[in-house]
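Engineer: Before I ask anything, here is the structure I am working with.
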Amino acid sequence: MTSELTHHAKILIVDDELANVRLLEKILAREGYLNVSMTTDSRDVANLFADNQPDLILLDLHMPHLNGFEIMDLLGKLIPEKTFLPIIVLTADATVEARRKALANGAMDLISKPFDNLEVALRIKNAVRTRFLHLDLENQNQILDERVRERTGALQETVSELHKAQQRVVQQERLRALGMMATGIAHDFNNILFLILAHSELLLNETESAGEDTKAVKYLRTIISAAQDGAQMVNRLAQFQRPPSETDLRQTIPLTHLIEQAVELTTPRWKGQAMAKGVDINVVTELAPIPDILGDQSEIREMLTNLIFNAVDAMPEGGTITLRTSMAGLAIVLEVEDTGVGMTEEIRERCLEPFFTTKGNQGSGLGLAMIYGIIQRLGGTLEIKTQPGRGTKFIVRLPTYHTVKVDEIAKPDSGCEPLAILVVDNQPVLCEVLAEYLQGDWHRVTIAHDGDEALKKFAAEKFDLVITDKAMPGMTGDQLAIALRKIRNDVPIILLTGFAESGISTSLIPEIDAVIGKPVNLTTLRHAIATAIADRREKDAPVDAPFSSARTAENIRPLPEAAVTHLANDVSSNIDEA
Ligand code: ADP
Ligand code: MG
């Protein structure tokens, strides 16, 4: 018998005959048991059990008040279901029936009176050891249960993280697919609008030069203006989710100034209209000193106005709009917060989708989709914190760039000599329209329908200018430009693209001197030709020629790559962390 058992085991003796009790005590004392309690009155058992919490009960069968069987019934109710508490019955009743009944009622073992001391000691030891083994097992089970609970908790957390990540991926995929669709539609519409615009302008020129100030001129102007509006809308549509492009404007943007401007420009909406409805809207600015960012001013303006308009729409009962800026590491943080109706989880998840609106006919659902596209192209992130009835906070994080002054794009020379121009476009009808435009300005035009044809003609003849479409089957416009440069380096090249902002911008590829967005109108075309020619002259000038105009690309030193990646990663994690 180990001393641990005898030291710790608590034993309760229940027998109405004191002599028996004393004898058992003596046996137990000899074996080294230290915690022994006893009673000769079976009615005390419940209390003693509660006070002492015994590990073993030695129980007489035949007793006044409650006999051994009744005590076992009572203990059956007191002992928790999964706990093993041994009961050894001490009995002088040697009948088979009594022994069976005792065992059936929960006795673990039986000891016959009169006792054989050694047998009693051994049976007690076995019972106590079994009890302790059970306690150990119970402990182990508890530890295991605890571990299982911990693991289950961790697993549930992982599953919920996975679920969130999956939702994020699904949302981004949906936005991407919608963006691709929008871009595709925009591309096709652009070509159609290009034709409408070009032919109307040609017709307008003819009508005007014929000196007839007729209704036709008025109608044509309306057509042109409508086509231009359409072109602008199509261009916006193409902005969703389109990746950054070399044709994107990279102006230095004084954000603080733009915010103040946006507040002022939108005053009629948040003050005027709100007052007309009898509600009060306040606009508060909390602007910290921040560095300039690089981007397209008109896009940033659009973003700010849209966020303010949305906030106004969300506050039919009035409230406060707060525009706040701060720095967080390398990023500028812009917050636009309102005290309006807020969004449900479902609306928040979908609000960035193009065409998603809760405003019925009053809304286009394009505002936030466009904003999200703009922010992504700037390498920034958008986070939306909102709760129904608790207002909404849009948090825009934009990377800062180390910049030097960026010059405006060169203004075109007014007049232009007649030039020999090579026009490259895979769509014959677009070539024709361009040719019409150019020939109208006395230029001589040669047409090629793909890159290979263009290269052959370019090698055979001396051209002053090349205008090429960007997206062509086989060789793209960019690739063609690089190949052309290998033949002759001094000819200006203009790239025509379906996806640029209307107007002219410059390219990051040095082979391209100007980029024009479709649909082209005559003014833009003339402007681009002048810009490209001036630009090429400048590039061909000696190295120490004074720096003058037109280029933006060389002036930009982008953010260190690590910072860009860091911010880009934020995009995915933040869009639904509200
Ligand atoms: P539109 O304003 O034309 O509905 P947006 O893309 O700007 O389109 O917004 C999409 C939707 O997002 C809105 O219809 C509105 O449900 C929700 N939303 C945008 N801004 C807020 C805001 N500040 N508070 C509450 N809901 C907003
Ligand atoms: Mg809106």
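The opening position of the sequence shown corresponds to residue 41 in my numbering, with each subsequent residue numbered one higher. Just so it is clear, CB atoms sit at the ideal spot from N, CA and C, and this is done for glycine as well. Here the structure is a predicted model, which means the values were calculated and not measured.
1) V473 and Q479 look like a contact to me (Cβ under 8 Å); what is the Cβ gap, rounded to whole Å?
2) Determine the burial state of H47: buried for a count of at least 16 other Cβ atoms within 10 Å of its Cβ, exposed for fewer.
3) Report the three-state DSSP secondary structure of A540 (helix, strand or coil).
4) Relative to the alpha-carbon of S404, which residue among E393, G413, I414, Y412 has its alpha-carbon at the smallest distance?
5) Taking the beta carbon of T254 as the centre, do at least 16 other beta carbons fall within 10 Å, making it buried, or is it exposed?
6) Entirely within the stretch 461-508 and at least 4 residues each: give me those alpha helix (DSSP H) ranges in chain order.
7) What does the shell around ligand 2 hold, if a residue joins when its beta-carbon is under 5 Å from any heavy atom?
8) So, with DSSP's three-state summary, where would you put N75?
9) Please classify W482 as buried or exposed, where buried requires at least 16 neighbouring CB atoms within 10 angstroms.
10) If we count the other Cβ atoms within 10 Å of its Cβ and call it buried at 16 or more, is A147 buried or exposed?
11) Given this structure, state the Cα-to-Cα distance separating P218 from C391, to the nearest angstrom.
12) What does DSSP give as the partner residue(s) for K425 in the beta ladder?
13) Should G557 be labelled buried (16 or more other beta-carbon atoms within 10 Å of its own) or exposed?
14) Between L237 and A267, how many whole angstroms is the CB-CB distance? I'm expecting something under 8 Å.
15) Here's the rule: buried if 16 or more other CB atoms are within 10 angstroms of the residue's CB, otherwise exposed. What is A302?
16) Which of the three DSSP states is assigned to Q291 in this structure?
17) Quick one: is L162 buried, meaning 16 or more other Cβ sit within 10 Å of its Cβ, or exposed?
18) Looking at the secondary structure, which residues open and close the beta strand (DSSP E) in which R528 lies?
19) Is any heavy atom in ligand 1 found nearer than 8 Å to the beta carbon of E432?
20) Do you know how far the Cα of D176 is from the Cα of N107?
21) Quick check: the Cα distance between I415 and V560, rounded to an integer number of angstroms?
22) State yes or no: is the C-beta of L401 nearer than 8 Å to some heavy atom of ligand 1?
23) Using a Cβ-based criterion (distance less than 8 Å to any ligand heavy atom), does D465 qualify as near ligand 1?
24) Can you have a look at L58 and say buried or exposed, based on whether 16 or more other CB atoms are within 10 angstroms of its CB?
25) Looking at the secondary structure, which residues open and close the alpha helix (DSSP H) in which R169 lies?
26) Given that a residue counts as buried once 16 or more other Cβ atoms are within 10 Å of its Cβ, and exposed if not, what is I97?
27) Does ligand 1 have a heavy atom nearer than 8 Å to the CB of A302?
28) Could you compute how far the alpha carbon of P294 sits from the alpha carbon of I225?
29) Check whether the Cβ atoms of H227 and A271 lie closer than 9 Å to each other.
30) Just confirm the distance between the C-beta atoms of G517 and L495, as a whole number of angstroms; I'd bet it's less than 8 Å.
31) Give me the DSSP bridge partner(s) of S366.
32) Would you grab the beta carbon distance between L459 and D504 for me? Rounded to a whole angstrom, and I think it's under 8 Å.
33) Can you list, in chain order, the stretches of the beta strand (DSSP E) that have 3 or more residues and sit fully within the stretch 45-109?
34) So the alpha helix (DSSP H) V352 belongs to, where does it begin and stop?
35) Are there 16 or more other CB atoms within 10 angstroms of the CB of L233, so buried, or fewer, so exposed?
36) Starting from G407 and walking both ways along the beta strand (DSSP E), at which residues does that stretch end?
Structural biologist: This is what the structure holds:
1) So it is not a contact: roughly 11 Å between Cβ atoms.
2) H47 is exposed by the Cβ-count criterion.
3) Unreliable positioning characterises A540 in this predicted model, as indicated by a pLDDT of 48, which lies under 50. The coordinate reading is nonetheless provided below. In the three-state reduction of the DSSP assignment, A540 falls in the coil class.
4) Checking every option, the nearest Cα to that of S404 belongs to E393.
5) Label assigned to T254: exposed.
6) As far as the stretch 461-508 is concerned, its whole alpha helix (DSSP H) runs of at least 4 residues are 468-480, 491-500.
7) Those residues having their beta-carbon less than 5 Å away from any non-hydrogen atom of ligand 2 are, in chain order, N350, G407.
8) N75 sits in a strand when the DSSP states are folded into three classes.
9) When all chains shown are included, W482 counts as exposed.
10) Per the 10 Å Cβ criterion, buried.
11) Checking the displayed sequence, the identity of residue 218 turns out to be Leu instead of Pro. Whole-angstrom Cα-Cα distance: 13 Å.
12) The partner list for K425 (beta bridge, DSSP) reads K433.
13) G557 comes out buried.
14) Contact between L237 and A267 holds: their C-beta atoms lie close to 4 Å from each other, under 8 Å.
15) Result: buried.
16) The answer is strand: DSSP assigns Q291 an E or B state.
17) With fewer than 16 other Cβ atoms within 10 Å, it is exposed.
18) Note, R528: premise wrong, no beta strand (DSSP E); not H, not E.
19) Note that residue 432 is Thr in the sequence shown here, rather than Glu. Correct: T432 has its Cβ closer than 8 Å to ligand 1.
20) One Cα belongs to N107, the other to D176, and the distance between them is close to 32 Å.
21) Whole-angstrom Cα-Cα distance: 27 Å.
22) What sits at residue 401 in the sequence shown is Asn, not Leu. It does not: the Cβ of N401 is nowhere closer than 8 Å to a heavy atom of ligand 1.
23) Between ligand 1 and the CB of D465, the shortest heavy atom gap is not smaller than 8 Å.
24) L58 should be labelled exposed.
25) Secondary structure note for R169: its alpha helix (DSSP H) is the uninterrupted segment 157-249.
26) Buried: at least 16 other Cβ atoms inside 10 Å.
27) Flag unset: Cβ of A302 not near ligand 1.
28) One C-alpha to the other measures close to 34 Å.
29) In this structure, H227 sits away from A271, with a CB-CB distance that is not shorter than 9 Å.
30) Going by Cβ atoms, the distance from G517 to L495 rounds to 13 Å, so no, they are not a contact pair.
31) As a beta-bridge residue in DSSP terms, S366 pairs with V373.
32) The pair is a contact, with the Cβ atoms about 4 Å apart (cut-off 8 Å).
33) For secondary structure counted as the beta strand (DSSP E) over 3 or more consecutive residues, the stretch 45-109 holds these complete runs in sequence order: 50-54, 75-79, 96-100.
34) Where V352 is concerned, the enclosing alpha helix (DSSP H) stretches over 337-353.
35) Label assigned to L233: buried.
36) Unbroken run through G407 is the alpha helix (DSSP H), 407-417; no beta strand (DSSP E).
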